[in-house]
Structures are given as C-alpha cells and as structure tokens.
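Student: With this note's numbering applied, the sequence shown covers 72 to 216. Backbone N, C-alpha and C fix where the C-beta goes; we use that ideal spot for every residue, glycine too. Here the structure is a predicted model, which means the values were calculated and not measured.
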Amino acid sequence: MLTERLAPTCGSIDAVDTSAAMLVVLDRKVEREGWNHVSTGRSVPADGPAYDLIVCSSVCSFVDDYPATAAELAHRLLPGGLFVQWDWERDPEVEGEDGLSRSEISTALAAAGLDSIDVGTGFEQAIGNVTMRPLMGIGRRPKPG
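Okay, structure coming up:
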C-alpha cells in the first residue's frame, strides 16, 4: 500500500520487506502496474544509493537493535533527506509489550545525527478494549554548512 501511494511521485523506490509472501504480492503489483522504477527485496542494498526519503512502516519496534538500525538508515540519507517511521506506542504499564516510546524514538533519531525531529501520535485505533496509538517519528539529515 505504501509503495502504491509513493510510486506515482518518486523517481525510484527500493521496497523492502522481510516477508517473502508480502514481496510476492508487491512483485505482482509492480509488474501489473508497470513500475519499472520500483525494485523489491528482503534488505536494503548494502552498496545501494543514498535516499531522499526512507519510510519504515511498523518495522523499527521489531528490529533487534533499533538505535543502530536508525543510525544505519540515517547514514543512507542524502543531506536534507527525511527519515519517517511509524510504530505502535508501547504502553508503559504493560511489561514486555511491543512498540516504542516517544523518548526512545526521539533519542534514537538524535543519536543517529538527525535534526528537525518530531514525534507524535498520528491517530488512534481501538482494538477490542484497547486503544492503540501509532507514533510517527520524523527526522532530517542535516545539510552541510
């Protein structure tokens, strides 16, 4: 869905998902839509290009080392490039719950060398008796000088 929204406006897209099943779905859509500027894979190309925009949708709270991952991705941004993530906000009252806190996101993005950092709730989603809030974290790689 994210690639579908970005494809008409981006010059090139490297769409990454660790799920082979999701990549099959995306590969079919890429072929059907004729998106020659979209490549898919299970990881970011090691020697790939720098990016104007990196978007992580419900990913960062599941990686083994979120601060290191944020730093690695921030390093792949062009000067002035944006890093955007959204992940579920962890409930501090529930031990062992998946998700990230606002402070974890802010701290990781700052440690990654990003500036213009903004972390906030995009919307709320009621699931049964629980209200979940995805946090959106945004940071920009500074331009030199």
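With distance defined between alpha-carbon atoms, name the residue in G199, G152 and L180 nearest to R212.
Tutor: Nearest of G199, G152 and L180 to R212, Cα basis: G152.
Student: Compute the distance between the beta-carbons of A121 and L149, then report whether it is under 9 Å.
Tutor: Yes, the pair counts as a contact, with Cβ atoms nearer than the cut-off.
Student: Check this for me: beta carbons of M207 and D189, under 9 Å apart or not?
Tutor: Yes, the pair counts as a contact, with Cβ atoms nearer than the cut-off.
Student: Taking the alpha carbon of T111 as the reference point, which residue from L180, A92 and S129 has its own alpha carbon closest?
Tutor: It is A92 whose Cα lies nearest to the Cα of T111.
Student: Using the Cα positions of S172 and I209, report the straight-line distance between them to the nearest angstrom.
Tutor: Distance between the alpha carbons of S172 and I209: 14 Å.
Student: Looking only at C-alpha atoms, which of T89, S83, S90 and K100 sits nearest to M72?
Tutor: Among T89, S83, S90 and K100, the Cα nearest to that of M72 is on K100.
Student: Are the Cβ atoms of I84 and W106 separated by less than 9 Å?
Tutor: Yes.
Student: So what does DSSP say about S110, is it helix, strand or coil?
Tutor: Strand at S110.
Student: Using only the alpha-carbon positions, how far apart do A242 and V96 sit?
Tutor: An answer regarding residue 242 cannot be provided, because it is not within the stretch 72 to 216 covered by the chain.
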